[in-house]
Amino acid sequence: MSTAENLVSQEYKYGFVTDIESDTIPRGLSEDTVRLIAAKKNEPEWMLEFRLKAYRHWLTMTEPKHWPNLTYPEINYQDMIYYSAPKQKALKASMDEVDPELLKTFEKLGIPLTEQKQLAGVAVDAVFDSVSVATTYKEKLKKHGVIFCSFSEAIREYPDLIRKYLGSVVPTNDNFFAALNSAVFSDGSFCFIPKGVRCPMELSTYFRINNSESGQFERTLIVAEEGSYVSYLEGCTAPKFDKNQLHAAVVELIALDDAQIKYSTVQNWYAGDEEGRGGIYNFVTKRGKCAGRNSKISWTQVETGSAITWKYPSCILLGDNSIGEFYSVALTNHAQQADTGTKMIHLGKNTRSTIISKGIAAGKSNNSYRGLVKVMPKAENSRNYTQCDSMLIGSNSGANTFPYIEVMNNSSAVEHEASTSKISEEQLFYLQQRGISQEDAVSLIINGFCKDVFLQLPMEFAVEAQRLLGMKLEGSVG
Amino acid sequence: MLEVRDLHASINGSPILKGIDLTIKKGEIHAIMGPNGSGKSTLAKVLAGHPAYEVTKGQVLYEGKNLLEMAPDERAREGVFMAFQYPIEVPGVSNAQFLRLAYNEKRKHLGEEELDPLEFKDLLKERAKIVEMDASFMTRSVNEGFSGGEKKRNEILQMAVLEPKLAILDETDSGLDIDALRIVAGGVNHLHNSENAVVLVTHYQRLLNYIVPHYVHVLAGGRIAREGGKELALELEEKGYDWITSSVTGSGSSAVSVI
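Protein chains in written order, with the working numbering: chain A, 1 to 478; chain B, 479 to 737.
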């Protein structure tokens, strides 16, 4: 009887391919590949050491295939390309020297990079396949002491900072995908907010995978010194290919005393077609360390793309009174699979964490929340509040919740609430009876369901996220 | 305005409406009464286009158009409104946001310009007075955490905002205390005029003390068993439904024997 069926998604509008000449290394992974990547990037010896250590460790590790609620064919790591960069001049003094084809690509994605058209109030680092092609507002930020540049540039220009913080939150041997990333990562973004500075604009990185056979392995490192504040946005898209592409990123955040980092993601990789052909395999390690007292790290994510999502943005609450937050909307449609959630590790006294997770599963997709709340013996008077809500659309989708809770002292409290709901025929009829079309009604219900998370997003992102969910679910009920 | 001819409808294959004829002209107030299970709520839902009901026979003309061919949202935009017996909650969506979306859908349909949130706020404030609702209701999620009476008032607020041509109130009086009933009825009376029509679906005569109908139709067994003026409601109040249902059962079985 239910009308909640008949799933059709709107065409993925970012599915185009940019025709550009690129510098691509042969497929396969070995110590030589790692050395080749380091050589291509003219990296110092210490960086190569870091990579090799990670690579050697990776060889001893196995892919985490058993515990996630995901099924996918074997990934052949020797059949992949680990470095692919668009050919262009090595140094870009101004945007005029960036390949017009690349500028055009990003403009088409809604990220204009040229001086005249740059987005107001948002500095953007644009990453295309393996390299950062442009970073806007660099000079303006420098005046405030804020460093925002590509990772390659940071290794050259700020080696002390990189050596101090790289791998300090996600060690090279942390997990299979983090080790792989540490060995072969090619670029990414570095942000440094000095003591007492409130970053004057939003910082943002836009990731674009273009090459059909290359993986994207980027690295983001954000350091917020004492009393500083930064809001960082991440966006991503990829063309439509029949084959799957691997995206294995590592993001590390460090907040010192009284510092705040707000990290928001709207992820819209290509998710594969209705039958599950193609799409991005997104295996990402994101972790923040509240190293200082009274520091705060907030993760907000809207996950709509990827054939597979394996991602647990986490907070290590080391400093006393530090705060960790995780707000997530994960939407899966068609044959998509998501196993996503967070880890809140309470180490310091009076630490607080909040987890709000909204999972929406349509089509024959599978959407799992997996979360760990761990309160260590010394984390006295700590608190966690977790709310996990799932919404099912149609009768062929699945939602699961896997909460892990470990509390090792008596003064702390952990609360967990969970719910599963369905868009009901009655709800749709009610809205339709008021003149709202069925599609708008679904979109309204979903947006209402996700409201607590959208409220956390920066304004422009919130609008984008709402539009995106509406688009992804177009015609999903009928 | 509305012409219902020999309407038959069923849910999950079991027939509920077994031949309804009804004519409603603008400016009129009709009461549809009947015992539980007589089909009066089904009639309301079928007119509004509820997808669970299947029309198996008959036709419905609304302003000369075939109502049954229109999707529920289309009917709504054309001016058919149903106040729900059990208004639905929509978590996370504010009443104001929902009402503005609905209102603008109708404006678009009529080729009028949409109202922005500020313009709409003024309109909403004005209309909310009709049902004595204060501003706090506008920022709360649609019907979420509303008391029974608040939900019903919210239905009439929606009617006040959308200004339907044909308003069908499905047991709007059920579960209301006397004060809420007075407010709801006052709202309906305020909104009723010579250009629109109101259909009150109710079990009890009580509501009709406040909203006085021109016609009363009594349903039993999916058919209209009695019709009359407002005095028919008073008669029902006195005698109950039994005398009508028994006569219908009688005529029903005789009809079967004829076939």
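Built from N, CA and C at the ideal position, the CB exists for glycine as well.
All values reported here derive from a predicted model rather than from experimental measurement.
Bounds of the beta strand (DSSP E) holding L539 of chain B are Y531 to Y540. Here T354 of chain A is not near S390 of chain A, since their CB atoms are 8 Å or more apart. A Cβ-Cβ contact shorter than 8 Å links L102 of chain A with V133 of chain A. When the Cα atoms are used, A338 of chain A and I193 of chain A turn out to be separated by approximately 33 Å. With a contact defined as Cβ atoms closer than 8 Å, S365 of chain A and H334 of chain A qualify at about 6 Å. Flagged as an interface residue toward chain A: H528 of chain B, by a C-beta distance shorter than 8 Å. Residues of the segment 429-440 of chain A with a C-beta less than 8 Å from any C-beta of chain B: F429, Y430, L431, Q432, Q433, R434, G435, I436, S437, Q438 and D440, listed in chain order. Under the three-pair Cβ rule at 8 Å, the segment 524-535 of chain B does not count as touching the segment 709-719 of chain B.
With respect to the 8 Å criterion, V170 of chain A and F217 of chain A are not classified as neighbours on the basis of their beta carbons. Taking a cut-off of 8 Å on C-beta distances, the segment 567-581 of chain B touches the segment 594-613 of chain B, as three or more cross pairs fall below it. It is roughly 58 Å from the alpha-carbon of G272 of chain A to the alpha-carbon of I689 of chain B. Not flagged as an interface residue toward chain B: Q466 of chain A, since no C-beta distance is shorter than 8 Å. Counted as a single uninterrupted DSSP element, the beta strand (DSSP E) harbouring Q301 of chain A occupies residues K296 to E303.
Taking C-beta atoms as the reference points, A249 of chain A and N181 of chain A count as a pair closer than 8 Å.
Pairing W310 of chain A with D452 of chain A, the inter-Cα distance amounts to about 23 Å. E583 of chain B and G491 of chain B have their C-alpha atoms roughly 34 Å apart. The shortest CA-to-CA distance from M47 of chain A to any of A:I155, A:S231, A:Y430 and A:G435 is the one to A:I155. As computed with DSSP, H416 of chain A is found in a beta bridge with A:T386. Considering only beta carbons, no part of the segment 139-170 of chain A lies closer than 9 Å to chain B. Under a 10 Å Cβ-count criterion, N671 of chain B is classified as exposed, with fewer than 16 other Cβ atoms of the shown protein chains found around its own Cβ. Cβ contact annotation for S412 of chain A (same chain, cutoff 6 Å, sequence separation greater than five): V375 and S382, in chain order. Chain-ordered, the chain B residues with CB closer than 8 Å to the CB of E425 of chain A read P529 and A530. With a cutoff of 8 Å on beta-carbon distance, T220 of chain A and G188 of chain A are scored as near each other. Interface residue (Cβ-Cβ distance to chain A less than 8 Å): I566 of chain B is classified as such.
Chain A places no beta carbon closer than 8 Å to that of P595 of chain B, leaving this residue out of the contacts. Listed along chain A are R434, each with a C-beta nearer than 8 Å to that of Q636 of chain B.
Taking N211 of chain A as the centre and dropping the five residues before and after it, the same chain places the C-beta of S84 and D129 closer than 6 Å to its C-beta, in chain order.
K422 of chain A has a beta carbon lying at 8 Å or more from every beta carbon in chain B.
For a Cβ distance threshold of 8 Å, residue set N447, G448, F449, C450, K451 and D452 of chain A lies close to G570 of chain B, ordered along the chain.
Judged by DSSP secondary structure, D648 of chain B falls within the beta strand (DSSP E) whose first and last residues are L644 to D648.
For the pair of segments examined, the segment 505-519 of chain B was found not to touch the segment 536-553 of chain B: the number of CB pairs separated by less than 8 Å stays below three. When 7 Å is used as the limit between beta carbons, L392 of chain A is near no residue of chain B, the shortest such separation being about 15 Å. Here A224 of chain A carries a strand assignment [DSSP, helix/strand/coil].
Boundaries for N573 of chain B: no beta strand (DSSP E) harbours it, while the alpha helix (DSSP H) harbouring it runs N573 to H587, taken from the DSSP string. Excluding its 5 nearest sequence neighbours in each direction, I445 of chain A has C-beta neighbours in its own chain below 7 Å: I423 and Q427, listed in chain order. At a cut-off of 4 residues, the continuous stretches assigned as alpha helix (DSSP H) that sit fully inside the segment 635-694 of chain B are 656-669.
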